[in-house]
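So the structure is just underneath, and the comments pick up after that.
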Amino acid sequence: MSAPAATHPGRRARRRPRSTGRLVMVTVLALLAALLAVLAGLEALRLRELRAGRAAGEEALAAARAYAPDMLSYDYRTIDADLGRARGYATGGLAEHYRELAGKLAPTVRRQQTVQQAVVAAAAVESAAADRVQVLLFMNMGTTKVLPGEKQPQKQVVQNRARFVLVRSEGRWLVSELSTLIGNAPNG
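To convert a position in the sequence shown, counted from 1, into the working numbering, add 35.
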């Protein structure tokens, strides 16, 4: 019986390295599978955020195109209503800024009989997240006004750029920041 006992421990010794190697391989594969599952989950979340940003960008771009003419146009005969309408598209500090403009800008606009008409020529999303979108607008601005000492109104057409930052508020997009970047048409 001593012969079978001698061969038996040798077989166990041979099986241990195989079973240990298999255990290591199974453990490594399980860890890799878990890592891949985590990475796939993170990518799915990122894809969802990208899709939400894209949808938000499309919505906010449409809103910016619709709001810009009202926010950047005014007529001396209706300046108070024009600024009130513009304030309706704004939120936070920008809404307050439009309230202040009524007191500061309106007297000059009435005195010079200024009419400013903004038309969106082009627009694009600069950056977008689900609840905040930055839009760049290219505007054609026509202005007519009577300067002091002049009898005839002066007309001017310029091309401007405006940047709107829109935020989602109570289910709709509102402009929280507005900056204009004055530019001239290139000489042809």
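In this text, a Cβ means the ideal position worked out from N, Cα and C, and glycines have one as well.
Note to self: Could you tell me the alpha carbon to alpha carbon distance between leucine 80 and leucine 71, rounded to whole angstroms?
What the structure shows: Rounded to whole angstroms, leucine 80 to leucine 71 spans 14 Å at the Cα level.
Notebook entry, point to check: What's the gap between the Cα of lysine 180 and the Cα of glutamate 94?
Noted result: Whole-angstrom Cα-Cα distance: 35 Å.
Margin query: Considering Cα atoms alone, identify which of Ala90, Leu107 and Arg146 is closest to proline 188.
Written below: Considering only alpha carbons, the answer is Arg146.
Margin query: Check whether the segment 135-146 and the segment 158-168 are in contact - that is, three or more C-beta pairs closer than 8 Å.
Written below: The segment 135-146 makes no contact with the segment 158-168; the number of CB pairs closer than 8 Å stays below 3.
Check: In chain order, what residues of the same chain have a beta carbon less than 8 Å from the beta carbon of isoleucine 114, not counting five sequence neighbours either side?
Finding: Short of 8 Å from the beta carbon of isoleucine 114, and not among the five residues preceding or following it, lie these beta carbons of its own chain, in chain order: Ala137, Leu140, Ala141, Val144 and Arg145.
Item checked: Cβ-Cβ distance between valine 168 and alanine 97 below 8 Å -> No, the Cβ-Cβ distance between valine 168 and alanine 97 is not below 8 Å.
Check: Taking the Cβ atom as the reference point for each residue, do alanine 153 and alanine 121 lie within a distance shorter than 8 Å?
Finding: No, these two residues do not count as a Cβ contact at 8 Å.
Next item on the list: Could you tell me the boundaries of the beta strand (DSSP E) in which threonine 179 lies?
Entry: Threonine 179 -> beta strand (DSSP E) spans 167-180.
Notebook entry, point to check: Between the Cα of alanine 101 and the Cα atoms of Ser54, Val155, Val202 and Thr215, which residue gives the shortest distance?
Noted result: Minimum Cα distance to alanine 101 is reached at Val155.
Notebook entry, point to check: Would DSSP call lysine 139 helix, strand or coil?
Noted result: Residue state, collapsed to three classes: helix.
Item checked: CB-CB length for glutamate 212 against leucine 129, believed under 8 Å -> Indeed, because the Cβ distance is near 6 Å, the residues count as touching under 8 Å.
Next item on the list: Could you check what DSSP says for serine 214 in three-state terms: helix, strand or coil?
Entry: Here serine 214 sits in strand by DSSP.
Checklist line | Contact belief for alanine 197 with leucine 107 at Cβ below 8 Å, rounded distance in angstroms | finding: Separation of the CB atoms of alanine 197 and leucine 107 is rounded to 7 Å, and the pair is thereby assigned contact status at 8 Å.
Note to self: If I measure Cβ to Cβ from glutamine 151 and keep anything under 6 Å in the same chain, skipping five residues before and after, which residues do I get?
What the structure shows: Only Ser108, Tyr109 and Thr178 meet the Cβ criterion.
Next item on the list: Could you work out which residue in Gln148, Asp166, Leu209 and Leu171 is closest to lysine 190 when comparing CA atoms only?
Entry: The alpha carbon of lysine 190 has as its nearest neighbour, out of Gln148, Asp166, Leu209 and Leu171, the alpha carbon of Gln148.
Margin query: For arginine 203, report the span of its beta strand (DSSP E) as first-last.
Written below: In the DSSP annotation of this structure, the continuous segment of the beta strand (DSSP E) that includes arginine 203 starts and ends at 189-204.
Item checked: Residue span of the beta strand (DSSP E) that contains alanine 125, given as start and end -> Note, alanine 125: premise wrong, no beta strand (DSSP E); not H, not E.
Checklist line | Coil, strand or helix - tyrosine 111 by DSSP | finding: Tyrosine 111: coil per DSSP, three-state reduction.
Next item on the list: With a 10 Å radius around its C-beta and 16 neighbouring C-beta atoms as the bar for buried, classify alanine 75 as buried or exposed.
Entry: Under the 10 Å beta carbon count, alanine 75 is surrounded by fewer than 16 other beta carbons and is classified as exposed.
Check: With a Cβ-Cβ cutoff of 8 Å, do threonine 126 and leucine 209 count as a contact?
Finding: Cβ atoms of threonine 126 and leucine 209: closer than 8 Å.
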